[in-house]
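Residue numbers (our numbering): 9 to 463. Everything on this sheet refers to the single structure shown next.
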Ligand SMILES: Cc1cc2nc3c(=O)[nH]c(=O)nc-3n(C[C@H](O)[C@H](O)[C@H](O)COP(=O)(O)OP(=O)(O)OC[C@H]3O[C@@H](n4cnc5c(N)ncnc54)[C@H](O)[C@@H]3O)c2cc1C
């Protein structure tokens, strides 16, 4: 017999988990289906040889909603915060230089030259307007500041968030705060300061954080709360819109075929899956979703004996400008940031390789990637031995790229979606790839579904 559910949520990454949980909290009997055996999607913490590894996101920025979620789930006591104002570094001319963490510190820093500082002054005192059309992050930074700022700070920062190419990322889609700052205040610095005053994160929570046992804690806690409302190893394989307005969903539960009808449907799968699933509703979904590009990233976790690393590892880690000619994008010093990441006397360093400007990274073997990361970080951190431990994860489609025209594409996707009342989309390709953004979006969608079902 075909089951009927008021809401079917597809995909048990953080977007789907949070959406299903919010619906259940609102008294709606939502059913969540996740294709794999482990909920969490790209959030994946594992323990190997005494090292606590994050195979996907390493940590996340606290937001008011994440704070509340942890409270509701009873896991706030497991949150661990990175030490406040932890130094971050950029590799310039083979040396690690600390990143200025405020506008005054940037102004005083020797990382940028006089011309860039003068451009900052002009921004603060002057007034500019963004161009009408979409503008790349690189064009934006060159127009407002300088090529040097792009190379030394903005480019590496862009790598750290999107593993993206600043020449192709849209400033309006990828960094909407910067676009808004200029549009509203006529100045990036003035606009960003104004925005900082209205930030939603509770005091002390916007800092980087994780959980004592890794990011997986969040996904596992939501899964436990969902109980039987979460079906793992259950894939959505097809959708049909029925004449009564509901959706008939075909599921593959570990080889067993099932059908579920759902009054409302929330699809949180990555674009390549979403496009194929929704093609039965409208063929345009496949081409629109297919045009969202993703950057590949290899996550290389290396463990060293501390005595073999001469650098003090006193900080978050370092980012690498593309002009340095290396293939690594940056390295996070996990064991300096959070307790319990490595056995006593050892250090855990996670290095990211690839990104949108180096897609060939996915052709390398795991061992080649481990060797490459070790070879490139060793002279920087003065490492005297081979790693005592290594683990490599390749994500061929790690992060969606909010490239030029992304805004137009999303508007077209939204128009198309609106033709199927009762269906919503969520996920990291829509309104921000960070965990905090995915949570915010999932909660918004859950609220919309709740209102719609109440009509
Ligand atoms: C290497 C890496 C590093 C990152 N670093 C950070 C960081 O430091 N900080 C930060 O905030 N964010 C970071 N992110 C981004 C963030 O982790 C992701 O954007 C976010 O977790 C994505 O969640 P999601 O639920 O939208 O998608 P996903 O996690 O991709 O979940 C989608 C789910 O859908 C399931 N699925 C697929 N097909 C089907 C189907 N047919 N039926 C049912 N289920 C299906 C998949 O199995 C998966 O579980 C990082 C991401 C990566 C990959």
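Cβ atoms here follow ideal geometry from the backbone N, Cα and C, with glycine treated the same way.
Any heavy atom of ligand 1 closer than 7 Å to the CB of residue 83? Residue 83: no, Cβ never under 7 Å from ligand 1.
Tell me which same chain residues have a C-beta within less than 8 Å of the C-beta of residue 434, skipping the five on either side of it? Counting only Cβ-Cβ distances below 8 Å, and skipping sequence neighbours, we find 23, 24, 27, 274, 275, 276, 446, 449, 450, 453.
For residue 146 and residue 413, the rounded distance between their alpha carbons: Taking the Cα positions, residue 413 is about 15 Å away from residue 146.
CB contact flag (residue 114, residue 105, <8 Å): In this structure, residue 114 lies away from residue 105, with their beta-carbon atoms at least 8 Å apart.
Kindly confirm or deny that the segment 356-363 and the segment 298-305 touch, where touching means at least three C-beta pairs closer than 8 Å. Under the Cβ criterion (8 Å, minimum of three pairs), the segment 356-363 counts as touching the segment 298-305.
Among the candidates 127, 200, 244, whose CA atom is the shortest distance from the CA of residue 262? When each option's Cα is compared against that of residue 262, the closest is 244.
Looking at ligand 1, does it come within less than 7 Å of residue 42, judged from the CB to the closest heavy atom? For ligand 1, at least one heavy atom lies less than 7 Å from the Cβ of residue 42.
Would you say the beta carbon of residue 435 is closer than 7 Å to some non-hydrogen atom of ligand 1? Residue 435 Cβ: within cutoff of ligand 1.
Using a threshold of 8 Å, state whether the C-beta atoms of residue 259 and residue 248 are closer than that. At a Cβ-Cβ threshold of 8 Å, residue 259 and residue 248 do not count as neighbours.
Quick one: does the C-beta of residue 276 sit closer than 7 Å to a heavy atom of ligand 1? Residue 276 Cβ: within cutoff of ligand 1.
If I measure Cβ to Cβ from residue 292 and keep anything under 7 Å in the same chain, skipping five residues before and after, which residues do I get? Within the same chain, Cβ atoms closer than 7 Å to the Cβ of residue 292 are found at 424, the five residues on either side in sequence being excluded.
Considering only heavy atoms of ligand 1, does any lie closer than 7 Å to the CB of residue 443? Yes; taking the cut-off as 7 Å, the Cβ of residue 443 has a heavy atom of ligand 1 nearer than that.
Thinking C-beta only, is residue 272 closer than 8 Å to residue 460? Yes.
Can you tell me which of the three DSSP states residue 210 falls into? Annotation note: pLDDT 48 at residue 210 (below 50); position unreliable, no value reported.
Where do the ends of the beta strand (DSSP E) carrying residue 306 lie? Looking at the DSSP string, the run of the beta strand (DSSP E) that includes residue 306 is 302-313.
Considering only residues of the same chain and omitting the five flanking positions on each side of residue 209, which have a CB-CB separation below 7 Å? Its pLDDT being 44, under 50, residue 209 is placed unreliably by the model, and nothing is read from it.
Could you give the DSSP three-state label for residue 260: helix, strand or coil? Residue 260 carries a strand assignment under DSSP once its states are collapsed to helix, strand and coil.
Counting only the same chain and skipping the five closest in sequence on each side, list residues whose C-beta sits under 8 Å from that of residue 144. In its chain, beyond the 5 residues on either side, 174, 175, 176, 177, 178, 179, 412 have a beta carbon closer than 8 Å to the beta carbon of residue 144.
Kindly identify the DSSP beta-bridge partner or partners of residue 449. In DSSP, residue 449 forms no bridge with anything.
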